[in-house]
Structures are given as structure tokens and as C-alpha cells.
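*Asks:* Pasting a structure below so you can have a look.
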Amino acid sequence: MAAGTVTVADPPKTHSLQKLRSAASACRACPLWRTGTQTVFGEGGAHSPLLVVGEQPGDREDIEGHPFVGPAGRLLDRALEATGVPRDEVYITNAVKHFKWEPRGKRRLHKTPAQREIEACLPWLEAELAAVEPRVILCMGATAARAVMGGKVRVTETRGQPLTSPLGKEVVITIHPAYILRLRTGVEEAFAQFVSDVGKAARLAGF
Ligand code: SF4
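Laid out in C-alpha cells, this is it:
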């Protein structure tokens, strides 16, 4: 495939997360495989009633190959703990499976994935949904909400309300925990509201 060409991921027809993860590791459907170190596939409870979707792997996740293991992941851990949900009983993934970034000095700065990259990666998320069969999807941030709801969604207007996705699942939308990390004021309030949204999704899922 020519550099820059975007197609759509084509997962194998299987409900085995192991086989899907292995196939995704070789995905070249969009150019992000060149910028990311590796495909970061979802992990957690294989038949969890709650599937959590973020945007894309961050710097640490890209290096370690696991979702939500960096600073935003630690906030998610704290929120799950506060709502009494064990992290390993939740399936956690991202809408886009490779890290998109731009250099800034020696640092790799996160870049928001483009719509065509979200669409290219969507079949992997759909395959994870078909394999895990969660009762509820918790979308963290606008990219996850856009992927799951099939169009642009205003997170601030929809957060915390039970919605239904065109993918046929109950959905709760909240902010991405990385947003809280960027705040200079109102951190406690923002975290409390995040915990409240996570709790709503968890209760809907039956935790
Ligand atoms: S971001 Fe998704 S669609 Fe693009 S190469 Fe990676 S796994 Fe494939």
C-alpha cells in the first residue's frame, strides 16, 4: 500500500480475542501503523458487561503495548476503584489502535486521529464488541463517542445520559481522563463528575 493510503481494517471472522489481537498486530489499513510502535489492542474481561473505549494509545501505551497504563489510565483506575469495579473485570480498548503523534523537541505529542483513521479502525472495535458482547459501552472523549455513535457528538451535552448506539448497545459518554490531567483548576470537581459517569455506566452494566 502506498504511504498515506487509508483503507478499512478487515478483521478475521472470529470471536476469539486472541486471534483478533494477533491479526490486528499486522494491520496496515491506515498510515498510523508507521507512527505507532505497535498495535495496542483491547484487554480485560473477555465477556465483561462493560466495555470502555478511549481515543487512542498514548506515549506509554504505545511503548508498553497495553491500553490505559499511563497517567490517564491511572485516573481511570482510581475512578473504577471509587465505583467498586475491578479493572480486570472490565474490557478496555481504544477507538484507534495506533498512537498518532507529532515530534516536539524530544517529546512525542498526541495528535487527534482524523475521521478517516477512526473509520479505518472501526472494524476492530466492532470485532471486539462482537467478541465481548458487553451490555454497556462507556465512551471516554469525543473520538470514542464519534466512533460508537457513528457521528459527531457533543460530550458536554450528552455525558452521563444513557444513550443507544447504532451498534445496538447502551452507551454512556464521559470525558477522556486525559482532559482532567490538563486542567489547572477544578480538578477535584472534574474528577468527581468523571467518577459519577463511570458509576452510571457500571450500574447500567450490572456491577
Ligand atoms: S490505527 Fe487501526 S486501522 Fe490504522 S493501522 Fe492501526 S490498527 Fe490498522
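Sequential numbering of the sequence shown, starting at 72, is according to the numbering used here. Glycine included, each C-beta is placed from N, C-alpha and C at the ideal position.
(1) Going by C-alpha distance, which of Pro248, Tyr162, Ala201 is nearest Asp268?
(2) May I ask you to list the residues that DSSP assigns as paired with Gly125?
(3) What residue range is occupied by the uninterrupted alpha helix (DSSP H) comprising Ile134?
(4) Do you know offhand how far Met170's Cα is from Gly277's?
(5) Any heavy atom of the ligand SF4 closer than 8 angstroms to the beta-carbon of Thr229?
(6) Within the same chain, show all residues whose beta-carbon is closer than 6 angstroms to that of Asp130, passing over the 5 residues directly before and after it, in chain order.
(7) By the three-class DSSP mapping on this structure, what secondary structure does Val242 have?
(8) Does the stretch 140-149 come close enough to the stretch 212-227 that 3 or more CB-CB pairs lie under 8 angstroms?
(9) Let me check understanding here. Comparing Cα to Cα, which of Pro174, Ala153, Pro157, Gln186 lies closest to Val167?
*Replies:* According to the structure shown:
(1) In the sequence shown, counting from the first residue as 1, residue 268 sits at position 197. Of the candidates Pro248, Tyr162, Ala201, the one whose C-alpha sits nearest the C-alpha of Asp268 is Pro248.
(2) Start at 1 with the first residue of the sequence shown, and residue 125 comes out as number 54. Asn165, per the DSSP bridge assignment.
(3) Here residue 134 refers to the residue found at position 63 when the sequence shown is read from its first residue. It spans 130-135 - the alpha helix (DSSP H) in which Ile134 sits, taken as one unbroken run.
(4) Within the sequence shown, the letter at position 99 stands for residue 170. Within the sequence shown, the letter at position 206 stands for residue 277. Here residue 170 is Phe; the residue named in the question, Met, does not match the sequence. Distance between the alpha carbons of Phe170 and Gly277: 32 angstroms.
(5) Residue mapping note: residue 229 aligns to position 158 of the sequence shown, counting from 1. No - the ligand SF4 has no heavy atom lying nearer than 8 angstroms to the Cβ of Thr229.
(6) Within the sequence shown, numbered from 1, the residue matching residue 130 stands at position 59. Excluding residues within five positions, the ones whose Cβ falls inside 6 angstroms are Arg179.
(7) Position 171 of the sequence shown holds residue 242. Val242: strand per DSSP, three-state reduction.
(8) no
(9) Position 96 of the sequence shown, counted from the start, is the residue given in the question as residue 167. That would be Gln186, whose Cα lies nearest to the Cα of Val167.
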